[in-house]
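Residue numbers (the UniProt record's numbering), protein chains in the order written: chain L, 1 to 351; chain A, 1 to 351.
A virtual CB, placed ideally from N, CA and C, is assigned to each residue, including glycine.
Remember, predicted model here, so these are calculated numbers, not experimental data.
In what follows, a single structure is set out as structure tokens and then discussed.
As structure tokens, this is what we get:
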């Protein structure tokens, strides 16, 4: 993303649309990058203008983390966010869930011919704001254009690089029987907010997506109990149920939940009832689940509740010794059921 | 990409197709990842099964490089390659062009509902082979599915992380008047090979894409003349002409080419004549252009010619002092012309 030639006239962002030339590597592509992307994402690494960004390495003793995600959410704009901020939050969170401090992001755009430049600018501005707020610059990127009918407006693939400080060991494989399960807040808002905007489903709701960057919450948790946080995961696609099944399988343990302890907003409950969904399987984009050592649970929970994104944090269950690696749940009605993997399709294009 | 639940029956790769469930984060998504992606890309980092990959950092004194690219080539399979190996080569090369040793790759797939699993497996196998051959593992990834008619088979976004050894300083901004321009081989093959397969253009040709990973060529060049290599670029989308204009602009210099010195295969020349294209603007995926200090030119050129991917390497011109930053070329016919930026659309979806 270098200094480029002078353009005859500036991009007409108000009325213009993406055309195939914006992806062909010539003057039009350079202009789009200069006047739309580089201007919004501006930072000294992006300004290097090479095929990649050259970056300082973290201090010795740190390990690196790479995480990547494609974002194909539909619709592109939803209550509480859009594909732009979502693509930043999602990848910042994936890096943070490995116990790493997110340092840099890359962004690759696949644009559909005919997409309004005004909408693209809105998405890019949201992305830039999310990156700035998170303190994680977008250091390099790419733009491709596909013909109308071969894409769907905008797809954004983001990759994050982070550094794990010495002494931090967080992995989905580290849960042990007796550990405590913590959840940072209420579940299901992102999925319901997106579904409420689908043409086929459109319903009125006051629910907004919880999309948010969780890395400062993670930092507070790790600081509160060094060595006490064993697993961190953000329950996105597939929801809390899927995430917990992944942890159980990866750590070769069972999990035992208390349904009554899992916070669900009444509006989310109502919408899920209407749609025939179980909030346990609905995506979140600003929540995390943690497995912590029993002796660290109080300190970590207090640190979560003291953070703006963890005020509703709570204990939702514990890790058990179970050779079948089941996630079981005591229901509100006094029964117990297995919370299984989701079988079929539930919510496509939710992120 | 963790250990997953047991599946009722294995994926039917021969007859199966991508459905929306493969992107929904449940059991079907996990099975696709396990049986297709994880099996092909197998390495200890991918096997960690967390939201990202935790990786050893390079030795102290190294800087990091991040590069990212979306790959939307159409058609997905072309003579000499496919979107799979292309997505590895393209990103390995972008990292290498920053003077870095490529260490790790990430891959994010956007799949269209209905895409045959057999084709996907072929692409993934090609990608895995390219990564293995390059010695750069795919350490983490993501898979999304969009409805039929909202994508185009497979899009792949790859991100590469590399390390720049101490003392290496390569940037598009480093060209100085008097420097020598080197090209690693003949131009235009990738673009012509892809175009030859387009339904609308389909023509018979023996030309195959030059798609290749150039990082070992770069390493040999850097080794041959420490500090002597100032700029490295792979002339992909937009071709050699666009790349040279980018360098001229970024370094605030002029460039002066000898047309007769630029190798073009006769079949590429003939195809370009047929299609009304100038090979200078046609994409390459296995070539590089270098700006080297005059005193280093002989050594770097010899190192290139000794490498299998640089056997045809040659001097094609030099860097001049030009306040207008023009790329000029002495033509075969004794004239001189400005090699300008490409204005409109030339070759969409070539990579």
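Around the Cβ of residue i, are there at least 16 other Cβ atoms within 10 angstroms (buried) or fewer (exposed)?
i, result
"residue 71/L", "buried"
"residue 246/A", "buried"
"residue 311/A", "exposed"
"residue 331/A", "exposed"
"residue 353/L", "With chain L covering only 1 through 351, there is no way to say anything about residue 353/L."
"residue 102/A", "buried"
"residue 199/A", "exposed"
"residue 45/A", "buried"
"residue 337/A", "exposed"
"residue 321/L", "exposed"
"residue 294/A", "exposed"
"residue 137/A", "buried"
Is the Cβ of residue i closer than 8 Å to any Cβ of chain A?
i, result
"residue 109/L", "yes"
"residue 250/L", "yes"
"residue 92/L", "no"
"residue 165/L", "no"
"residue 142/L", "yes"
"residue 287/L", "no"
"residue 24/L", "yes"
"residue 4/L", "Unreliable placement is indicated for residue 4/L, whose pLDDT of 49 sits below 50; no coordinate value is reported for it."
"residue 299/L", "no"
"residue 148/L", "no"
"residue 89/L", "no"
"residue 242/L", "yes"
"residue 161/L", "yes"
"residue 216/L", "no"
Thinking just about the alpha-carbon of each residue, which of the options is nearest to the one in residue i?
i, options, result
"residue 20/L", "13/L, 12/L and 29/L", "29/L"
"residue 142/A", "249/L, 160/L and 288/L", "160/L"
"residue 100/A", "52/A, 293/A, 232/A and 242/A", "232/A"
"residue 128/A", "94/A, 147/A, 167/A and 106/A", "106/A"
"residue 17/A", "33/A, 120/A, 39/A and 260/A", "120/A"
"residue 203/L", "273/L, 49/L, 126/L and 181/L", "273/L"
"residue 353/L", "220/L, 197/L, 217/L and 215/L", "No answer is possible for residue 353/L: it lies beyond the span of chain L, which begins at 1 and ends at 351."
"residue 238/L", "277/L, 167/L, 267/L and 308/L", "277/L"
"residue 135/L", "93/L, 115/L, 172/L and 157/L", "93/L"
"residue 149/A", "138/A, 113/A and 132/A", "113/A"
"residue 85/L", "50/L, 172/L and 130/L", "130/L"
"residue 216/L", "35/L, 303/L and 347/L", "303/L"
Taking 8 Å as the threshold (beta carbon to beta carbon), is residue i in contact with chain L?
i, result
"residue 53/A", "yes"
"residue 120/A", "no"
"residue 280/A", "no"
"residue 78/A", "no"
"residue 171/A", "yes"
"residue 58/A", "yes"
"residue 14/A", "no"
"residue 157/A", "yes"
"residue 98/A", "yes"
"residue 269/A", "no"
"residue 329/A", "no"
"residue 257/A", "no"
"residue 227/A", "no"
"residue 64/A", "yes"
"residue 106/A", "yes"
So, under 8 Å CB-CB, residue i and residue j are touching, yes? Tell me the CB distance rounded to an integer number of Å.
i, j, result
"residue 63/A", "residue 165/L", "20 Å between Cβ atoms; not a contact."
"residue 314/A", "residue 183/A", "6 Å"
"residue 11/L", "residue 111/L", "Their Cβ separation, rounded to whole angstroms, is 14 Å, which puts residue 11/L and residue 111/L out of contact at 8 Å."
"residue 244/A", "residue 289/A", "7 Å"
"residue 123/A", "residue 154/A", "6 Å"
"residue 242/A", "residue 351/A", "Wrong, their Cβ atoms sit about 13 Å apart, outside the cutoff."
Comparing the CB of residue i with every heavy atom of the ligand GDP, is any distance shorter than 7 Å?
i, result
"residue 265/L", "This structure lacks the ligand GDP; in fact it carries no ligand of any kind."
Quick check: the Cα distance between residue i and residue j, rounded to an integer number of angstroms?
i, j, result
"residue 174/A", "residue 275/L", "59 Å"
"residue 283/L", "residue 263/A", "54 Å"
"residue 254/L", "residue 286/A", "50 Å"
"residue 212/L", "residue 88/A", "31 Å"
"residue 316/L", "residue 298/L", "13 Å"
"residue 192/A", "residue 75/A", "12 Å"
"residue 109/L", "residue 333/A", "42 Å"
"residue 157/A", "residue 181/L", "34 Å"
"residue 42/L", "residue 152/L", "27 Å"
"residue 327/L", "residue 52/A", "23 Å"
"residue 78/L", "residue 145/L", "23 Å"
"residue 341/L", "residue 189/L", "20 Å"
"residue 249/L", "residue 177/L", "13 Å"
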